[in-house]
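This report concerns only the one structure given below.
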Amino acid sequence: GDSVTQMEGPVTLSEEACLTINCTYTATGYPSLFWYVQYPGEGLQLLLKATKADDKGSNKGFEATYRKETTSFHLEKGSVQVSDSAVYFCALTYYGGSQGNLIFGKGTKLSVKP
Amino acid sequence: NAGVTQTPKFQVLKTGQSMTLQCAQDMNHNSMYWYRQDPGMGLRLIYYSASEGTTDKGEVPNGYNVSRLNKREFSLRLESAAPSQTSVYFCASSLMGSDNEQFFGPGTRLTVL
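Protein sequence lines, in the order shown, are assigned to chains A and B. Numbering (our numbering) for the first sequence: 1 to 114. Numbering (our numbering) for the second sequence: 1 to 113.
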């Protein structure tokens, strides 16, 4: 079945370091891909998304490109801040039943030290 | 505009007790969802409601029931709680289906002793 695999955490970086969180997926058909972020004590919120191959999603300095040939959607940021400390979830739409639903990866915890 | 609200925020139950988790959204969204979040497991879909009057099972529905009371409200019921249901529960909503952004509530932390 459809699934999402993302790199294990936790990831600890110093402020202004570069970030890459790897995400690969297995899907039948052509899903939409998402990154959600969960700040401590809060629910998830959408960070960015891409709906077709070669699309690039971007928001708050984060970027991810939908790569069909490598079935990947890696999250990148050039210079992280302490405020980026959170758990990041990669997800895809799964089309089963009467509508599409989201399938999430297990999450990657990022800690940024000043 | 409160978005998605959930009650209660925290709950402790004894094995065998029942309870209902409440969720409401004020964004006029058609679709609503219940997830559980467990360490190292990500989020797993319990039940969803594509539109008012419909509900469908997700990945892990056993031990749960849901009610889509109206367009705004979607409740999750545990009839006989078990320790395996200790988790953080999130409600979410979207305008229509998962290609639209899902908006999440703050979560309910449930412990079953």
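Quick reminder that beta carbons are idealized off the backbone N, C-alpha and C, glycines included. Keep in mind the model is a prediction, meaning the values are calculated, not measured.
Give, in chain order, every residue of the segment 17–43 of chain A whose Cβ lies closer than 7 Å to some Cβ of chain B.
So the close ones are S32, E42, G43.
If you reduce the DSSP assignment to three classes, tell me which class D38(B) lands in.
For this step, residue 38(B) is matched to residue 38 along the second sequence. Strand at D38(B).
Within this structure, are the beta carbons of V88(B) and T15(B) separated by less than 9 Å?
Sequence index remark: in the second sequence, residue 88(B) carries index 88 (1-based). Sequence index remark: in the second sequence, residue 15(B) carries index 15 (1-based). No; because the gap between Cβ atoms is not below 9 Å, this pair is not in contact.
Can you grab the Cα-Cα spacing for the pair R109(B) / S18(B), in whole Å?
Your numbering for residue 109(B) matches position 109 in the second sequence. Your numbering for residue 18(B) matches position 18 in the second sequence. Approximately 15 Å, taken between the alpha carbons.
Using a Cβ-Cβ distance cut-off of 9 Å, determine whether E101(B) contacts chain A.
In the second sequence, counting from the first residue as 1, residue 101(B) sits at position 101. Yes - at least one Cβ of chain A is within 9 Å of the one on E101(B).
Take F10(B) and list the residues in its own chain whose beta-carbon comes closer than 6 Å to its own, dropping the five residues that flank it on each side.
One-based indexing of the second sequence puts residue 10(B) at position 10. Excluding residues within five positions, the ones whose Cβ falls inside 6 Å are R109.
What does the Cβ neighbour count give for C18(A), buried or exposed, with the cut at 16 atoms within 10 Å?
Counted from its first residue, the first sequence places residue 18(A) at position 18. Answer is exposed; the Cβ neighbour count stays below 16.
Hey, is K106(A)'s beta-carbon within less than 9 Å of any beta-carbon in chain B?
Position 106 of the first sequence, counted from the first residue, corresponds to residue 106(A). True, the Cβ-Cβ gap to chain B drops below 9 Å.
Between the beta-carbon of S51(B) and the beta-carbon of S93(B), is there less than 9 Å?
In the second sequence, counting from the first residue as 1, residue 51(B) sits at position 51. In the second sequence, counting from the first residue as 1, residue 93(B) sits at position 93. Result no, Cβ atoms of S51(B) and S93(B) do not sit closer than 9 Å.
Name, please, each residue of chain A whose Cβ falls closer than 8 Å to the Cβ of F74(B).
By 1-based counting over the second sequence, the position of residue 74(B) is 74. Neighbours of F74(B) on chain A: none; closest Cβ ~14 Å, over 8 Å.
How is V60(B) classed by DSSP in three states: helix, strand or coil?
Residue mapping note: residue 60(B) aligns to position 60 of the second sequence, counting from 1. V60(B): coil per DSSP, three-state reduction.
Checking 9 Å against the spacing of the C-beta atoms, do E76(A) and F62(A) come in under that value?
The residue given as residue 76(A) occupies position 76 in the first sequence. The residue given as residue 62(A) occupies position 62 in the first sequence. Going by C-beta atoms, E76(A) is nearer than 9 Å to F62(A).
With 9 Å as the threshold, decide whether the Cβ of Y64(B) is near any Cβ in chain A.
Mapped onto the second sequence, residue 64(B) falls at position 64. Chain A, which has no Cβ nearer than 9 Å to the Cβ of Y64(B), makes this no.
Quick one: is M41(B) near chain A, going by C-beta distance under 9 Å?
Position 41 of the second sequence holds residue 41(B). Yes, M41(B) lies at the interface with chain A (some Cβ there is under 9 Å from its Cβ).
Is the segment 32–48 of chain B close to the segment 79–88 of chain B, with three or more CB pairs under 8 Å?
yes
Report the rounded CA-to-CA distance for T28(A) versus P114(A), giving the unit in angstroms.
The residue you call residue 28(A) lines up with position 28 of the first sequence. The residue you call residue 114(A) lines up with position 114 of the first sequence. Near 42 Å, if we compare the C-alpha coordinates of P114(A) and T28(A).
What does a CB cutoff of less than 8 Å around G3(B) pick up in its chain, not counting 5 residues either side in sequence?
In the second sequence, counting from the first residue as 1, residue 3(B) sits at position 3. Contacts found: Q25, D26, M27, F103, G105.
Kindly indicate the opening and closing residues of the beta strand (DSSP E) around L32(A).
Working through the first sequence from its first residue, we reach residue 32(A) at position 32. For clarity, residue 32(A) is Ser in the given sequence; the question names Leu instead. Here S32(A) belongs to no beta strand (DSSP E), and DSSP marks it neither H nor E.
Is T93(A) buried or exposed, if buried means 16 or more other CB atoms sit within 10 Å of its CB?
Locating residue 93(A) in the first sequence gives position 93, counting from the first residue. With 16 or more other Cβ atoms within 10 Å, it is buried.
Are the C-beta atoms of A92(B) and some chain A residue less than 9 Å apart?
Here residue 92(B) refers to the residue found at position 92 of the second sequence. Cβ-Cβ to chain A under 9 Å: yes for A92(B).
Taking its Cβ as the centre, do 16 or more other Cβ atoms sit within 10 Å of Q6(B), making it buried, or is it exposed?
Indexing the second sequence from 1 puts residue 6(B) at position 6. It is buried - the Cβ of Q6(B) has at least 16 other Cβ atoms within 10 Å.
Throw me the rounded Cβ distance for the Y25(A) and V4(A) pair, which I believe falls under 8 Å.
The residue labelled residue 25(A) in the question sits at position 25 within the first sequence. The residue labelled residue 4(A) in the question sits at position 4 within the first sequence. Contact between Y25(A) and V4(A) holds: CB atoms are separated by about 5 Å, below the 8 Å threshold.
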